[in-house]
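Take 55 as the starting number for the sequence shown in this note's numbering and just add one per residue.
These notes are about the structure you will find just below.
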Amino acid sequence: MPPRMPEAGRESANVILDAVSAFDVDRPDNSAAMDLAVQRLNDIEGAYRVLVNERDEVTLDLSNLVGGSTVTIMRLVQLLAEATGVSREEIISDLREWLG
């Protein structure tokens with residue numbers, strides 16, 4: 055059962071999964087389909103919010119986007135750990151190494 059999260063977080067995570075699905079591993083230089091999928095974030099109310107305070111300072115609230123993505127990555131790490139018998143920590147360490 056997935057953890058409880060705001061609807062905007064769940065929808066945002068699904069958009070990220072759509073982008074991953076759209077990526078063509080045989081043509082990594084062609085990211086048009088992936089970009090199109092990510093543009094759908096604009097249609098999700100609350101995926102992100104632009105906030106302007108009384109001094110006209112702008113901040114960006116990405117909590118639903120980041121939260122939904124984090125929960126999704128946590129699930130994938132858990133599944134990989136269970137499937138390979140490798141600890142979550144080692145998988146995360148390997149990801150960090152891969153990222154550079």
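Glycine included, C-beta positions come from ideal geometry on N, C-alpha and C.
Residue environment, Glu65, which counts as buried when at least 16 other CB atoms sit within 10 Å: Stepping through the sequence shown from its first residue, residue 65 is reached at position 11. Buried: at least 16 other Cβ atoms inside 10 Å.
6 Å CB neighbourhood of Gly63 in its chain, flanking five on each side removed: Residue 63 sits at position 9 when you count from the first residue of the sequence shown. Asn118, Gly121 and Gly122.
CB-CB length for Ala67 against Val125, believed under 8 Å: Along the sequence shown, one-based indexing puts residue 67 at 13. Along the sequence shown, one-based indexing puts residue 125 at 71. Right, the Cβ-Cβ distance comes to about 7 Å (below 8 Å), so this counts as a contact.
Short Cβ contact (8 Å threshold) for Arg142 with Ala135: For the purposes of this step, residue 142 is identified with residue 88 of the sequence shown, where counting begins at 1. For the purposes of this step, residue 135 is identified with residue 81 of the sequence shown, where counting begins at 1. Contact: yes.
Ala137 to Ile127 span [Cα, whole Å]: Within the sequence shown, numbered from 1, the residue matching residue 137 stands at position 83. Within the sequence shown, numbered from 1, the residue matching residue 127 stands at position 73. C-alpha separation (whole angstroms): 15 Å.
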